[in-house]
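Residue numbers (our numbering): -11 to 154.
Notes follow once the structure below has been shown.
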């Protein structure tokens, strides 16, 4: 044989076992997302020391401060011990302040469940999932409601202009 097919399986030599701890982190990492209306949060979960960062800043600095406990809910429900072996980085964009907070909490909850399912055993992940769903289902399941578009003949999606005979 001649040409590219003559090399055999030599092109697979680049697939080796990871030699550095950084490569091991990549294998153990999990990426999940959370959504609320038009806000999308992507959580990247890797083995670490229990740090949670949102857009590069610590979770304690999430604004608005009145909704900060909503972001803490997955940590408070499951306990800090479950989050100790992982670092979670969250990127959030789109939507308003409240929608972003709900997307962040969903991304964090889904990330910890996926991390335990991938790197530990499925039984512990199922236990985490049951605990979160018992507290609040929207921690794991996205809310499908969206804004309905405006139609002609009125001021909004459903409201019509008032009819007048004179």
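Beta carbons are placed, not taken as given, at the ideal position from N, Cα and C, and that holds for glycine.
When the five nearest sequence neighbours on each side are left out, the beta carbons in the same chain lying within less than 7 Å of the beta carbon of residue 104 are those of 112, 113 and 116, in order along the chain. Excluding five sequence positions before and after residue 67, none of the CB atoms of its chain fall closer than 6 Å to its own CB. Each of 88, 96 and 83 was checked against the Cα of residue 77, and the nearest Cα belongs to 96.
For residue 17, the three-state secondary structure derived from DSSP is coil. The secondary-structure analysis by DSSP pairs residue 35 across a beta bridge with 74. Secondary structure of residue 62 (DSSP, three-state): helix. Cβ atoms of residue 83 and residue 151 stay farther apart than 8 Å, at about 36 Å. Counting only residues of its own chain and dropping the five nearest sequence neighbours on each side, residue 16 has a CB closer than 6 Å to the CB of 35 and 107.
Around the Cβ of residue 54, a 10 Å sphere holds fewer than 16 other Cβ atoms; the residue is exposed. Remark: C-beta atoms of residue 134 and residue 141 do not approach each other more closely than 8 Å.
Around the beta carbon of residue 18, 16 or more other beta carbons lie within 10 angstroms, which makes this residue buried.
Rounded to the nearest angstrom, the Cβ distance from residue 145 to residue 87 is 19 Å, too far for a contact under 8 Å. Note that the C-beta distance between residue 50 and residue 59 is below 8 Å.
Residues of the same chain with a CB within less than 6 Å of the CB of residue 71, apart from the 5 flanking positions on each side, are 38 and 63 in chain order. Counting of Cβ neighbours within 10 angstroms places residue 31 among the buried residues, the total reaching 16 or more.
In this structure, the CA atom of residue 153 is about 19 Å from the CA atom of residue 147.
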